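> Chains as they are written, first to last, in this note's numbering: chain A, 1 to 322; chain B, 1 to 276; chain C, 1 to 437.
Don't be surprised by glycine CBs; every beta carbon is placed ideally from N, CA and C.
Just so it is clear, the structure is predicted and the values come from calculations on it, not from any experiment.
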Amino acid sequence: MYNTTPEIQEERVLEAGITYGKYPAKKSKKNKKGDLYSALLFLSPTLIIFSAFVLFPVIFSFYLSFQKWNMFGGSSTYVGLDNYIRMFKSAEFWSVLKNTAYYTFGTIPLNMGFSLLVAYVLHKKIFGKKLLRTLFFAPVVISPVAAAVIWRWLYDPNFGLVNYFMGIIGFDPVNWLNDPTAAMFALIVMGVWKTFGINMVLFAAGLEAIPQHYYEAAEIDGAGQWAKFKNITIPLLAPTTFFIMVMSMISSFQVFDIVYVLTSGGPLGATKVMVFYVYEHAFKYFEMGYASAAAYVLFAILFVLTLLQVKYMKNKVYSYGG
Amino acid sequence: MAKKSTIAKSISEHIFIYILAFFTIAPFIWMILTSVKDMGEIYVYPPKWLPDQFHFDNYAKVFEAAPFGRYYLNSIFVAVFVTVGQLITCSMAAYAFARLKFPGRNILFFIFLGTMMIPYNVTMIPSFMVLYWLGWVDSYQALIVPGLASAFGVFLLRQFFLTIPKELEEAAVMDGASKFTILRKIIVPLSKPALATLAIFTFMGVFNDFIWALIVINSESMRTVQLGLAIFRDRYLTQWDLLMAGSVTAVLPILVVFFFAQKYFIKGITLSGLKE
Amino acid sequence: MKTYIVIFAVLISLISLNCGNDNRSASNGEVEIIFWHSFVSSTVPALNELIARFEKENPGIKIKAQYIPTGDALIQKLITAIQSKTAPDISWLHSDFMEDLVEADAIYKMDDFIKGDDGITQEELNDIYPALRLYASWRGTLYSLPMEATNLALLYNKDMFKQAGLDPEHPPKDWNELKEFTKKLTLDKNNDGTFEQVGFFVPVFPAAGPLGPWTVWQFMPYLWQAGGNMVDSAQTHVIYNEQPGVEALTLWQQLFIEQKLNTFTTDFDVAFTSKRLAMAMDGPWNLPRYKDLLKNLNWSFAPLPAGPVKQATVVGGEYLAIFKQSKHPKESWKFIKWMIRPEIQAFWAMKSGYLPIRHAVLNVPEFREYLKKNPNFKVFVDQMEVAEAQPPIDYGALEITHNIAEAIERATIGKQDVHKVLDEAAVKSNLALKPSK
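(1) Quick check on the DSSP output: what are the complete alpha helix (DSSP H) runs of length 4 or more inside the stretch 115 to 186 of chain C, in order along the chain?
(2) Which class does asparagine 403 of chain C belong to by DSSP, given the choice of helix, strand or coil?
(3) What residue range does the alpha helix (DSSP H) around valine 130 of chain B cover?
(4) Are alanine 81 of chain C and phenylalanine 35 of chain C close, meaning C-beta to C-beta below 7 Å?
(5) According to DSSP, is glycine 114 of chain B helix, strand or coil?
(6) Cβ closer than 7 Å: which chain B residues qualify as neighbours of isoleucine 150 of chain A?
(7) Kindly indicate which three-state DSSP category glycine 317 of chain C falls into: helix, strand or coil?
(8) Residues of chain C with a CB under 9 Å from the CB of methionine 129 of chain B: which are they?
(9) I'd like to know whether the C-beta of alanine 250 of chain B is nearer than 7 Å to at least one C-beta of chain C.
(10) Give me the residue from C/Ala208, C/Asp174, C/Ala407 with the minimum Cα distance to glutamine 311 of chain C.
(11) Output the boundary residues of the alpha helix (DSSP H) element that contains methionine 200 of chain A.
(12) With a threshold of 7 Å between beta carbons, is methionine 174 of chain B in contact with chain A?
(13) So for alanine 65 of chain C, helix, strand or coil by DSSP?
(14) Methionine 110 of chain C by DSSP, collapsed to three states: which one?
(15) Out of C/Val40, C/Leu398, C/Asp423, state which residue places its alpha-carbon closest to the alpha-carbon of tyrosine 239 of chain C.
(16) Just the C-alpha distance for arginine 152 of chain A and lysine 115 of chain C, rounded to the nearest angstrom, thanks.
(17) For tryptophan 226 of chain A, return the contacting residues in chain B, with the cut-off set at a CB-CB distance below 8 Å.
(18) Buried or exposed for phenylalanine 16 of chain B, please, with buried defined as at least 16 other CB atoms from any protein chain shown within 10 angstroms of its CB.
(19) Report the start-end ranges of each alpha helix (DSSP H) in the stretch 335 to 388 of chain C that is 4 residues or longer and not cut off at the edges.
(20) How would you write the range of the alpha helix (DSSP H) that serine 75 of chain B sits in, first residue to last?
(21) Could you tell me which uninterrupted beta strand (DSSP E) segments, each at least 3 residues in length, are contained entirely in the stretch 80 to 137 of chain A, listed from first to last along the chain?
(22) Check histidine 281 of chain A in the structure and name its three-state DSSP category.
(23) At a CB-CB cut-off below 7 Å, which residues of chain A make contact with aspartate 72 of chain C?
(24) Can you give me the start and stop residues for the beta strand (DSSP E) that methionine 281 of chain C sits inside?
(25) Can you name the residues of chain C whose CB is closer than 8 Å to the CB of lysine 356 of chain A?
(26) Return the first residue and the last residue of the beta strand (DSSP E) that histidine 213 of chain A is part of.
(27) What are the partner residues of valine 238 of chain C, as DSSP defines its beta bridges?
(28) Of all the CB atoms in chain B, is at least one closer than 7 Å to the CB of leucine 293 of chain C?
(29) In this structure, does DSSP put tyrosine 43 of chain B in helix, strand or coil?
(30) Check whether the Cβ of glutamine 76 of chain C lies closer than 7 Å to any Cβ atom in chain B.
(31) Span of the beta strand (DSSP E) holding tryptophan 69 of chain A?
(32) Excluding the five sequence neighbours on either side, which residues of its own chain have a C-beta within less than 7 Å of the C-beta of glutamate 11 of chain A, listed in chain order?
(33) Kindly list the residues whose CB is nearer than 8 Å to the CB of serine 160 of chain A, restricted to its own chain and excluding five residues on each side of it in sequence; keep chain order.
(34) At what residues does the alpha helix (DSSP H) containing histidine 419 of chain C begin and finish?
(35) Within the same chain, show all residues whose beta-carbon is closer than 6 Å to that of valine 310 of chain A, passing over the 5 residues directly before and after it, in chain order.
(36) Classify asparagine 199 of chain A as buried or exposed, calling it buried when 16 or more other Cβ atoms lie within 10 Å of its own Cβ.
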């Protein structure tokens, strides 16, 4: 203990853990338990904090979804599935769900296409690459409140630069944020603007990692730009794309900040999305139970979608040898 | 001939990317220009890009309106602490998920992923309750400790660690290196890009956080920049010029860091699929 | 292993380290009162002066004013604070969620103090504008007291009146004139089918958002002017879908649609400043900054146009309540009692630009001087005599407000039938009125 290096100590601790377990350390047993003890050591800082500030709250809100909870007083009553039943019967819930799907499936293709395009072009020899990347990343950094303030200016039907530019090209002014059909579009555009920088960074990294000799080999075979992109870039980017897909899905289904500050769910509820609905019930009507139930419906949807992606991508990724 | 078309293509790529960059950055430029206008000029139609006179004193006014110097120190202190802490905790956890074999590994990992799917709005109050039980309301720990564990960070790093060839570690194992040594001496140096990416995302997220800081902090002396900026808007009115000046001041430091640090985090991050 | 120990040690020390400074009582026997408010940065200097004056006149009590961002943020802060027993001594309240605070037994009844040793007389209490007292109560019991008042008047651009051939000294007196003038002031200068100049701003904001209640608040004067109200006096059912409500919403709908109004996504003051808007409803809180912002404009305030039944405006204001978690309720009450004194109200009104809460302030000589020099401010003070308040709804106030906001949004932006949207909102609201929420 006193004259050994910390590393050796650690091995001893691990060994001790195994040796003084229920059974004597057999080779097979060690394999089965694997690295349990080192894993615990490595995971403990995260696990402790995670349990207190993430896992407990998540479980607690699951419990609340079966309760009627007075947020001010703290008393609660068990109501069974009432919150869920009420939600499924509410027409508003279904329209909120539809809006969320609209936003998600409107944002993800645009966002991923756009960020891949920018990352791909910037991967070539471009003058001022570093500066350009910083510029494309800038929207990510701006706080949502400030960003929405600017976009509300841009979208203003009377003063806004968007209509001003559209007027120059000869379009009629659009009432972006007060027209139920235009508002969701306006929100998607802002959402893509605000978040594509993150994906651009991840795609840029993914592109950087593709070995140059693959392209060289393809060129010898006479492959054109598009063929190279389709046959080399896309498949080898699959792991990156997968990560981005999963994360984008989770974050667009949970879009809240920009909705809150840009459209507040309006006009006429056209941009009311799931987390906004959750928020409204939690902090406007103080129905935390109902809000938690809505949160768990969102969870269930996301979980299924993620599992489907995992299943689908696992085949894909392995078939390309990634 | 072939060369000519390559040049033409390169030029068109340049034009394309610069136009795109202009439109991306236009709102931001608008924000900067607004921050040096006086209120009258902000309210002009058709909109004016450039102010007649640059009111740089708006920036001074921001710092007079509230102790923003202190707010910056708080924000930076908290963001640095969380970022460094998260890099350590996440890389340890990610290493366990990527390299160690233990029962329940996949289930635990899916629990991590799953927690990202619950919106913050419903977990905020229970998290706050934990904080209260610990007696941390209105303290720096309240801003720091909950940020030290991150499912996103673990996910990101795990995906990266999976792509590092195992052979690199095997030699070290032969030499009798412990798992910590392997993580520290082999995995971490190879993962600089992924760590840098996580660092910038975390720093940004903490620096821009509003709602958590709002509910846990009461004292003036512990407020963050984002809380401070709220003082320029109330129920009835918005002080556009000051809000914009304040927001620009909040964004620039992160962009400067990004500009100089990007070579670390763009070079060679790759993310593998969910290997099991 | 060394690394691990170091990391763990840092974590543990971080957890055990307690840099929270929650000492509420200062060490030298002084009492410290925590006071939550949401004044914008431009009002903060006036607040500091006010507090300095209080502390000077009341040695031994320190007021620690803490700024809380407004609106939803205040509610979130209060909920979490009450749960964690870190509520302030005094806080601003909105009557919207008074019901929840009372039911959670979080705030004191004001009667406990008013009728106590250090109380105030009934006459003094009655001197406070009745509308404000109404807002400060829940189910007939006073749970808070106003710190200041606001109301809505009509802001208009005199030059535009002249250009449209109207008398700039004759702002619209009633709904008919409002409609007529609005039409004359709405101009399509270049004949492109859109109006470059708009006559009157109808404030419609998304019902679900933080500004939903704001829409309703500005709609209330019209409902009262037509002789209506939100709920019947026994609070058994809502009555805003009856004839007066229909008339008021029809007025808004007409004005909104005829002007092809887009509800300005930026604040209406942007439109007013840039000479694209002739009239709008506005409050006294903007007066201090208009002096500078509107220096190139010939503008004035006038009382809100009267409706078919009467003249009316809506009061607003900030209400102070004392929390049961307070360790110093007596000292907190001392502050509130001091705050409503006529000379302090006059002082605060002149410094902050808010309106005084009681009649007696009008007898303070400096204040009378001030009114002479500030005719626009006087418009608001005079209007306090016709200012009304929605009697606090016992149950489901937030939901009912939301339903009206939604009806307004549907009638204006959605161009739907007024009767239909009001009736549908009423059905939902009647369910919410029942106590077993």
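On the basis of the data shown:
(1) 122 to 127, 130 to 135, 158 to 163, 175 to 185
(2) Indexing the third sequence from 1 puts residue 403 of chain C at position 403. In the structure shown, asparagine 403 of chain C sits in a helix (DSSP, three-state: H, G or I).
(3) Taking the second sequence and counting its residues from 1, the one referred to as residue 130 of chain B is at position 130. Here the alpha helix (DSSP H) through valine 130 of chain B covers 120 to 133.
(4) Start at 1 with the first residue of the third sequence, and residue 81 of chain C comes out as number 81. Start at 1 with the first residue of the third sequence, and residue 35 of chain C comes out as number 35. No, the pair does not count as a contact, with Cβ atoms beyond the cut-off.
(5) Position 114 of the second sequence holds residue 114 of chain B. If DSSP states are grouped into helix, strand and coil, glycine 114 of chain B belongs with the helices.
(6) For the purposes of this step, residue 150 of chain A is taken as residue 150 along the first sequence, with counting starting at 1. The answer, in chain order, is Pro27, Trp30, Met31.
(7) The sequence position of residue 317 of chain C within the third sequence is 317, counting from 1. Of the three classes helix, strand and coil, the one that applies to glycine 317 of chain C here is strand, per DSSP.
(8) As a working note, residue 129 of chain B is residue 129 in the second sequence. For methionine 129 of chain B, the neighbours in chain C by C-beta distance under 9 Å run, in chain order, Thr80, Gln83, Ser84.
(9) The sequence position of residue 250 of chain B within the second sequence is 250, counting from 1. By this cut-off, alanine 250 of chain B is not an interface position.
(10) Translated into the one-based positions of the third sequence, residue 311 of chain C becomes position 311. For glutamine 311 of chain C, the nearest C-alpha among the options comes from C/Asp174.
(11) Translated into the one-based positions of the first sequence, residue 200 of chain A becomes position 200. Per DSSP, methionine 200 of chain A belongs to the alpha helix (DSSP H) from 180 to 208.
(12) By one-based count along the second sequence, residue 174 of chain B stands at place 174. Not an interface residue.
(13) Within the third sequence, residue 65 of chain C is the residue found at index 65, counting from 1. In this structure, alanine 65 of chain C counts as strand in the three-state DSSP scheme.
(14) In the third sequence, counting from the first residue as 1, residue 110 of chain C sits at position 110. Here methionine 110 of chain C sits in coil by DSSP.
(15) Taking the first residue of the third sequence as position 1, residue 239 of chain C is located at position 239. It is isoleucine, not tyrosine, that sits at residue 239 of chain C in the sequence shown. Minimum Cα distance to isoleucine 239 of chain C is reached at C/Asp423.
(16) Start at 1 with the first residue of the first sequence, and residue 152 of chain A comes out as number 152. Start at 1 with the first residue of the third sequence, and residue 115 of chain C comes out as number 115. Looking at the two C-alpha atoms, the distance is approximately 50 Å.
(17) On the first sequence, residue 226 of chain A is found 226 positions in, with the first residue counted as 1. Residues of chain B passing the Cβ test: none, with the nearest at roughly 13 Å.
(18) Locating residue 16 of chain B in the second sequence gives position 16, counting from the first residue. Exposed: under 16 other Cβ atoms inside 10 Å.
(19) 342 to 352, 365 to 373, 375 to 383
(20) The residue given as residue 75 of chain B occupies position 75 in the second sequence. Per DSSP, serine 75 of chain B belongs to the alpha helix (DSSP H) from 68 to 99.
(21) none
(22) Locating residue 281 of chain A in the first sequence gives position 281, counting from the first residue. DSSP places histidine 281 of chain A in the helix class (H, G or I) of the three-state scheme.
(23) If you number the third sequence from 1, residue 72 of chain C lands on position 72. Result: Phe283.
(24) For the purposes of this step, residue 281 of chain C is identified with residue 281 of the third sequence, where counting begins at 1. Looking at the DSSP string, the run of the beta strand (DSSP E) that includes methionine 281 of chain C is 277 to 282.
(25) Residue 356 of chain A is absent from the model: chain A starts at 1 and stops at 322.
(26) Along the first sequence, read from residue 1 onward, the residue named residue 213 of chain A stands at position 213. Segment 212 to 220 is the alpha helix (DSSP H) holding histidine 213 of chain A; no beta strand (DSSP E) there.
(27) On the third sequence, residue 238 of chain C is found 238 positions in, with the first residue counted as 1. For valine 238 of chain C, which the question treats as bridged, DSSP gives the partners C/Val231.
(28) Counting from one through the third sequence, the residue named residue 293 of chain C turns up at place 293. Chain B contact via Cβ: present.
(29) Position 43 of the second sequence, counting from 1, holds the residue named residue 43 of chain B. Residue state, collapsed to three classes: coil.
(30) On the third sequence, position 76 is the one that residue 76 of chain C refers to. Chain B contact via Cβ: present.
(31) As a first step, residue 69 of chain A must be located in the first sequence, where it is residue number 69. Counting along the chain, the beta strand (DSSP E) containing tryptophan 69 of chain A begins and ends at 67 to 69.
(32) For the purposes of this step, residue 11 of chain A is identified with residue 11 of the first sequence, where counting begins at 1. Any reading at glutamate 11 of chain A needs caution, since the residue's pLDDT is 36, under 50, leaving its predicted position unreliable; the model's value is listed next. So the list is empty, once near-sequence residues are dropped.
(33) Residue 160 of chain A sits at position 160 when you count from the first residue of the first sequence. Reading off the sequence shown, one finds glycine at residue 160 of chain A, where the question assumed serine. Around glycine 160 of chain A: Trp153, Leu154, Trp176.
(34) On the third sequence, position 419 is the one that residue 419 of chain C refers to. 418 to 432 is the extent of the alpha helix (DSSP H) around histidine 419 of chain C.
(35) Here residue 310 of chain A refers to the residue found at position 310 of the first sequence. Once the five neighbours on either side are set aside, valine 310 of chain A has no close Cβ partner at all.
(36) As a position in the first sequence, residue 199 of chain A is number 199, starting the count at 1. It is buried - the Cβ of asparagine 199 of chain A has at least 16 other Cβ atoms within 10 Å.
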